[in-house]
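Colleague: Have a look at this one.
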Amino acid sequence: MSAMQLPFLVEGLLILIAGILGGFLGKKGQPYGKVKLAFHLFFFLWFSVGYYYIFQSVFSVTVAEGVKILVVVMGAALLTQLVIGVVMLVQKPKRAWTAFVHGGSALLMLLADLVLFVVTGRPS
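With the sequence shown counted from 1, adding 7 to any position gets you our numbering.
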């Protein structure tokens, strides 16, 4: 494993942990348990900071355009996570499409992270 892969490994693990905690929230239904919600939000903030680090690293050095595109896809999915997460919190009757979009954007973010992990491990 190269040093370039480490941020993507950590980011992927954080996304997985937040997704697992989010799955527990989804099974519980509203109102959400405050402790589980706090852990879910903590991991969201943690991988948001990790994404910022990745974004700054990728856009401050010369990398392939495909890497930059995947980092932007991760950012768009992260923004979608935030917006839909807020909608899910304030929404009184739970709607299936919000959980679908929230989970789908998490999977997209995880997939982009996995591809970036593999791509950055290849020799130049």
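We put the CB at the ideal spot given by N, CA and C, even for glycine.
State buried or exposed for L19, treating a residue as buried only when at least 16 other CB atoms are found within 10 Å of its CB.
Modeller: The question names Leu, yet the displayed sequence has Gly at residue 19. Buried, since its Cβ has 16 or more Cβ neighbours within 10 Å.
Colleague: Counting Cβ pairs closer than 8 Å, one from the region 52-63 and one from the region 90-102, do we hit at least three?
Modeller: Flag = no, the region 52-63 and the region 90-102 do not touch.
Colleague: Count the other CB atoms within 10 Å of the CB of L85; is the residue buried (16 or more) or exposed (fewer)?
Modeller: Looking at its Cβ environment, which holds 16 or more other Cβ atoms inside 10 Å, L85 is buried.
Colleague: To test your reading of the DSSP string, which unbroken alpha helix (DSSP H) runs of 4 or more residues are found completely within the region 50-113?
Modeller: For the region 50-113, whole alpha helix (DSSP H) runs of length 4 or above, ordered along the chain, are 72-97.
Colleague: Considering only residues of the same chain and omitting the five flanking positions on each side of G30, which have a CB-CB separation below 6 Å?
Modeller: Result list for G30: empty, nothing under 6 Å.
Colleague: Mind the definition here: the region 63-73 touches the region 100-118 only if three or more C-beta pairs lie below 8 Å; say whether that holds.
Modeller: The region 63-73 is not in contact with the region 100-118.
Colleague: Rank V122, L21, I24 by C-alpha distance to the C-alpha of K75 and give the top, closest one.
Modeller: If we check each option's Cα against that of K75, V122 comes out closest.
Colleague: Of all the options H47, M11, G128, L16, which has the alpha carbon lying nearest to the alpha carbon of V68?
Modeller: Ranking H47, M11, G128, L16 by Cα distance to V68 puts M11 first.
Colleague: Given this structure, state the Cα-to-Cα distance separating L117 from K99, to the nearest angstrom.
Modeller: Approximately 29 Å, taken between the alpha carbons.
Colleague: Please return the same chain residues whose Cβ sits closer than 7 Å to the Cβ of I22, not counting the five positions on each side in sequence.
Modeller: Excluding sequence neighbours, I22 sits near F54, A113, M116, L117, D120.
Colleague: Mind reading off the beta-carbon distance from F51 to I24? Whole number of angstroms is fine, and I expect it under 8 Å.
Modeller: At roughly 10 Å, the Cβ-Cβ gap does not stay under 8 Å, so F51 and I24 are not in contact.
Colleague: Can you have a look at M81 and say buried or exposed, based on whether 16 or more other CB atoms are within 10 angstroms of its CB?
Modeller: So M81 counts as buried.
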